[in-house]
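Participant: Pasting a structure here, questions to come.
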Amino acid sequence: MNKWGYADHNGPEVWHELFPLANGDRQSPIDIITKAASYDPSLPPFNVDYDPSSAKLIMNSGHTFSVEFDDGEDKSVVRGGPLHGSYRLRQFHFHWGPCDDYGAEHKVDGRDYPAELHIVHWNSEKYSNFVEAAQKPDGLAVLGIFLKIGEHNKNLERVTNALDNINFKLSRFRSLFSTTETDEIEPCCMKNNHRPIQPLKGRTVRSSFS
Ligand SMILES: [Zn+2]
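Heads up, the sequence shown is in our numbering, so the first residue is 50 and it goes up one at a time.
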């Protein structure tokens, strides 16, 4: 049973007790230092090919909400970038904070963003399902997209409309209730679901532009 979360007793500082890999060498998020990134002209652009009809359901995991996709076949895939072959869309979810100043997981040159969209794909050319792929070093591909506070977003509204007919506002994300698997802990508002910055441990960030 996964009882990880973002509170003091089950938050990022103790994830490694349940999941030793959380202390591994390839952890996210990171602070992307643009000057230290290495330009790799061989990186092609990402190519996303999504079929909206493969969207299946919206789930509240207690940590975030996610939109889940039918990943029984290659209906929605991403290719290109550093990827070998195509990766199948599984779900997308968001990370956000208690206020508009921070909440994204990654940073760029120390700068915070209010929220981050993660679009999760798995390597369907090499592996037979998401769970198997999630255990492999080349099993998952997650596209991270920083969100800025801006004008009303009609596309995102289609998701937030499904969440109890609410309008697009980060404050509305924060009004979602977090759930726990036991009754010991009072449910509280979901407003901090981002992991702190992790060490690079010798990795180099590659960039497709200079
Ligand atoms: Zn995420």
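Quick reminder that beta carbons are idealized off the backbone N, C-alpha and C, glycines included.
None of the values given here were measured: they were computed from a predicted structure.
Could you work out which residue in 257, 241, 54 and 253 is closest to residue 148 when comparing CA atoms only?
Facilitator: Out of 257, 241, 54 and 253, 241 has the C-alpha closest to the C-alpha of residue 148.
Participant: Check this for me: beta carbons of residue 247 and residue 78, under 8 Å apart or not?
Facilitator: Going by C-beta atoms, residue 247 is nearer than 8 Å to residue 78.
Participant: In angstroms, rounded to a whole number, what distance separates the CA positions of residue 128 and residue 57?
Facilitator: If I take the Cα positions, the gap works out to 38 Å.
Participant: Cβ of residue 167 versus every heavy atom of ligand 1: is any distance shorter than 7 Å?
Facilitator: Flag set: Cβ of residue 167 near ligand 1.
Participant: Between the Cα of residue 239 and the Cα atoms of 189, 184, 111 and 139, which residue gives the shortest distance?
Facilitator: Comparing Cα positions, the closest option is 111.
Participant: How is the alpha helix (DSSP H) around residue 181 delimited, first residue to last?
Facilitator: Unbroken alpha helix (DSSP H) run through residue 181: 179-182.
Participant: Helix, strand or coil: which one does DSSP assign to residue 122?
Facilitator: DSSP places residue 122 in coil when its eight states are reduced to three.
Participant: Taking the C-alpha atoms as reference points, what is the distance between residue 137 and residue 124?
Facilitator: Cα to Cα, the separation comes out at about 8 Å.
Participant: Applying the criterion that 16 or more other CB atoms from any shown protein chain within 10 Å of the CB defines a buried residue, is residue 100 buried or exposed?
Facilitator: When all chains shown are included, residue 100 counts as exposed.
Participant: Let me confirm a value: residue 88 is counted as buried when at least 16 other C-beta atoms fall within 10 Å, else exposed. Which label applies?
Facilitator: By the neighbour-count rule (16 or more Cβ atoms within 10 Å), residue 88 is not buried but exposed.
Participant: Quick one: does the C-beta of residue 144 sit closer than 7 Å to a heavy atom of ligand 1?
Facilitator: The answer is yes for residue 144.
Participant: Need the endpoints of the alpha helix (DSSP H) that residue 65 sits in, please.
Facilitator: Counting along the chain, the alpha helix (DSSP H) containing residue 65 begins and ends at 64-67.
Participant: What is the rounded straight-line gap between the Cα of residue 97 and the Cα of residue 170?
Facilitator: Whole-angstrom Cα-Cα distance: 11 Å.
Participant: Which class does residue 56 belong to by DSSP, given the choice of helix, strand or coil?
Facilitator: Here residue 56 sits in coil by DSSP.
Participant: Since residue 105 is in the beta strand (DSSP E), which residue starts that stretch and which ends it?
Facilitator: 104-109 is the extent of the beta strand (DSSP E) around residue 105.
Participant: With three or more C-beta pairs closer than 8 Å as the rule, is the region 179-195 touching the region 154-168?
Facilitator: With a cut-off of 8 Å, the region 179-195 and the region 154-168 count as touching, because enough Cβ pairs lie within range.
Participant: Run through DSSP, which three-state label would residue 75 get?
Facilitator: Three-state result, residue 75: coil.
Participant: Does DSSP put residue 70 in a helix, in a strand, or in coil?
Facilitator: In this structure, residue 70 counts as helix in the three-state DSSP scheme.
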